[in-house]
Every structure is written in structure tokens, then in C-alpha cells.
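Below is one structure; the comments refer to it alone.
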Amino acid sequence: MTLKQQIVGNAMQMAVCTLQPGQTVYCEAGKFLFKTANVSMDTRLAGPGAQRQDQGGGAGGGMGGMGGMLRQAMGTAMQVGQRMLAGESIAFQYFSASGGEGTVGFAGVLPGEMRALELDGSRAWYAEKDAFVAAESTVDFGIAFQGGRTGTSGGEGFILEKFTGRGTVIIAGAGNFIDLNPADFGGRIEVDTGCIVAFEDGVRYGVQRIGGLNRQGIMNAVFGGEGLSLATLEGDGRVILQSMTIEGLANALKKAQGGDKQGPTGGLFSTHAG
């Protein structure tokens with residue numbers, strides 16, 4: 695059952711979803727806006743994948759039942775631990791309609807666009823932290839740790855949100871969106887690490903240093919405003935970028951309040967609070 699949704703608004707968009715009886719969507723705590731009276735709201739620690747496993751396991755009874763309950767509790771604790779480590783909300787809010795169609799609205803937390811992605815089960819999607827807004831209960835939300843050199847050298851992008859399954863997932867970002875495919879640009883694009891919103895499975899994500907330890911490399915790092923690294927996206931798949939970075943927005947607000955933390959040159963001289 696396809697989720698009926700509409701993205702409305704301009705500078706601060708909202709997603710208005712129409713739920714059929716028996717259809718469920720979930721969101722991170724803090725992303726809910728409004729609902730009709732016939733839509734129930736339930737807050738849970740477990741993600742939809744754990745919920746489906748619990749429903750499919752049945753009432754085993756005896757040691758099997760206790761074992762199933764223990765496995766469910768351990769799975770939920772692992773999910774919560776991953777989300778806490780990633781700095782995400784530890785709880786989800788679930789919404790279901792009864793007695794006819796129901797309506798529920800969601801929004802992101804920054805001025806910018808929203809996008810509804812349709813998953814058909816063949817490809818996962820990855821998104822930067824805090825991009826997730828809401829999804830059908832048939833879509834699983836997970837945390838992907840990049841690890842290795844990508845995570846330690848890149849800073850941003852070490853922890854990604856991962857969406858699998860079938861159904862609609864709604865994401866949000868700052869500023870305006872642009873859709874690109876690295877395959878249309880020779881197979882590789884280089885991006886400010888804060889501008890990535892989401893990308894399809896099959897696109898390889900990495901981090902590279904800007905220049906070497908020479909005069910131009912130092913000039914790029916110190917005066918270019920980008921620091922030492924750029925994100926790289928390679929392969930054939932859809933990539934969504936945003937025109938505004940959270941760091942840029944925060945520095946603009948501080949400057950407007952008379953507390954410019956960026957410094958005269960940006961780059962390595964930036965003193966913003968991370």
C-alpha cells in the first residue's frame with residue numbers, strides 16, 4: 695500500500711500524509727506536527743524491524759517464549775544503543791488510522807526542503823544524521839558506521855542513517871536540494887562534507903584531503919573555509935545534496951547576534967562549537 699503524502703510549504707516544508715485504515719507510519723521524536731483524531735500515536739523504543747519480528751514470532755510459550763522475549767529485549771537495547779551513540783533520538787512515534795482515512799503531518803528541524811523516497815527493496819538509501827523525518831512501517835531504519843579511514847579522517851559522515859525494505863521514507867535538509875548522479879560527471883564528484891543529504895546504495899562514499907602538504911594545500915585548508923577534507927561520491931546512483939550546511943547556518947546566526955565564531959578566514963581558524 696503506497697503512502698499518500700504531499701510536501702507543502704517553501705522555506706520550511708512539511709509532509710502531510712494520508713493514512714488508510716491499518717497503515718502505519720513512524721517518525722523520530724520531535725518531527726510530529728499534527729494529526730486527526732482518528733490517528734493513534736504510540737511511542738516505542740523499538741524500530742519497525744523489531745516490531746515485525748515480534749509479531750511474526752508468535753507465542754512460543756515455555757522456554758521458547760522466554761527466549762523470544764529475551765532476544766527482542768536484546769535487539770531493542772542494541773538498536774537504542776546504536777541510536778544513542780549516533781546522537782539520534784532513542785524513541786520512535788508510531789501513527790495508525792482507524793475507522794477511515796486519517797491525516798498526520800511532519801516537519802524537519804531546519805529551514806529547507808523535504809523529499810519522499812520510494813524504496814522498492816532492491817536498493818538501500820543512506821542519509822546524513824538528522825535527515826530522517828518519517829517512514830512507513832515497512833521501511834527499516836538503521837545506523838551505518840562507515841569506520842576506518844573514511845570515518846576518522848572525514849569527521850562528518852562517520853555515522854549514517856540507513857533505510858531498507860519497501861515503502862516511503864521522508865527526509866529533510868537545509869536550504870535547497872539538487873539531485874546528481876556521479877556517473878553523469880565521469881563517475882566521481884567531490885562535495886563539501888556538510889552538503890550531503892542522502893545517496894543510494896551502490897554509490898561509494900569516501901573522504902579525501904584537500905591538496906597535499908604544500909603551499910596550495912595549506913592555503914586551501916587555512917583560508918578556503920573547507921578545512922582539510924572533501925567528501926567523494928563515486929559510482930552510478932542518485933545523490934541528494936543541500937545548498938546550506940548546518941555549520942554555515944549556525945555561524946550566520948552567531949554573526950547576526952554579534953558573536954561571529956568563524957574568524958576572518960574560516961577553515962582551520964574556525965572556532966565554532968562542535
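Numbering-wise (this note's numbering), the sequence shown opens with residue 695 and increments by one.
Ideal placement from N, C-alpha and C gives every residue a C-beta, glycine not left out.
Taking the beta strand (DSSP E) that residue i falls in, what are its first and last residues?
i                 : result
lysine 729        : 726-729
glutamate 795     : No beta strand (DSSP E) holds glutamate 795; DSSP gives it neither H nor E.
threonine 718     : 718-722
methionine 808    : 808-814
glutamate 828     : The sequence shown places alanine at residue 828, not glutamate. Element bounds for alanine 828: 826-830.
phenylalanine 871 : 871-874
isoleucine 890    : 890-894
alanine 821       : 819-822
What number of angstroms, rounded off, separates the C-alpha of residue i from the C-alpha of residue j?
i                 : j                 : result
glycine 896       : aspartate 930     : 7 Å
alanine 709       : alanine 723       : 15 Å
glutamate 812     : cysteine 711      : 14 Å
threonine 939     : tyrosine 899      : 18 Å
glycine 859       : lysine 823        : 19 Å
valine 798        : glutamine 787     : 12 Å
glutamine 717     : alanine 785       : 20 Å
phenylalanine 726 : proline 805       : 16 Å
alanine 740       : glycine 952       : 43 Å
aspartate 886     : isoleucine 934    : 13 Å
asparagine 888    : lysine 698        : Just to set this straight, residue 888 is glycine in the shown sequence, not asparagine. Their backbone Cα atoms lie some 31 Å apart in a straight line.
glycine 794       : phenylalanine 879 : 48 Å
glutamine 707     : valine 863        : 15 Å
leucine 943       : valine 803        : 12 Å
leucine 713       : serine 923        : 43 Å
alanine 829       : alanine 810       : 9 Å
glycine 836       : threonine 696     : 21 Å
methionine 808    : arginine 903      : 31 Å
glycine 754       : glutamate 941     : Low confidence applies here, because glycine 754 scores a pLDDT of 47, under 50, leaving its location unreliable and the question unanswered by this model.
Which residues share a DSSP beta bridge with residue i?
i              : result
arginine 647   : Because the chain in this structure spans residues 695 to 968, residue 647 falls outside the shown range and cannot be described.
serine 734     : Ser790
isoleucine 701 : Ala709
alanine 838    : Leu854
serine 923     : Arg903
glycine 880    : The partner list for glycine 880 (beta bridge, DSSP) is empty, contrary to what the question assumes.
threonine 862  : Glu812
proline 715    : Ala791
Should residue i be labelled buried (16 or more other beta-carbon atoms within 10 Å of its own) or exposed?
i                 : result
phenylalanine 789 : buried
proline 742       : buried
valine 702        : exposed
lysine 949        : exposed
isoleucine 883    : buried
glutamine 700     : exposed
alanine 866       : buried
alanine 946       : exposed
glycine 756       : At glycine 756, the pLDDT of 45 sits below 50, so the modelled position is not reliable; the number obtained from the coordinates is stated separately. Glycine 756 should be labelled exposed.
serine 734        : exposed
threonine 832     : buried
phenylalanine 857 : buried
proline 715       : exposed
glycine 815       : exposed
aspartate 736     : exposed
Measuring alpha carbon to alpha carbon, tell me which residue in the options is nearest residue i.
i                 : options                        : result
phenylalanine 826 : Leu854, Thr926, Pro715         : Leu854
threonine 730     : Arg738, Cys889, Phe800         : Phe800
asparagine 732    : Ser792, Ser783, Cys721         : Ser792
threonine 926     : Gln951, Gly942, Gly881, Glu941 : Gly881
alanine 821       : Gly794, Glu894, Ser923, Ile883 : Glu894
asparagine 870    : Val863, Ile864, Ala877, Val891 : Val891
glutamine 936     : Phe879, Leu874, Val901         : Leu874
glutamate 928     : Thr696, Val901, Leu943, Gly815 : Val901
serine 783        : Gly796, Ala818, Cys721         : Cys721
alanine 705       : Ser816, Asp736, Gly861, Ala868 : Ala868
arginine 932      : Glu941, Glu807, Pro876         : Pro876
arginine 817      : Ile872, Phe839, Gly861         : Gly861
So that I know if they touch, is there some Cβ in chain D lying closer than 9 Å to that of residue i?
i          : result
valine 863 : Absent from the structure: chain D. Only one protein chain is present.
Specify, as a first and last residue, the run of the alpha helix (DSSP H) that residue i falls within.
i          : result
serine 943 : For the sequence presented, residue 943 should be read as leucine rather than serine. Leucine 943 -> alpha helix (DSSP H) spans 940-950.
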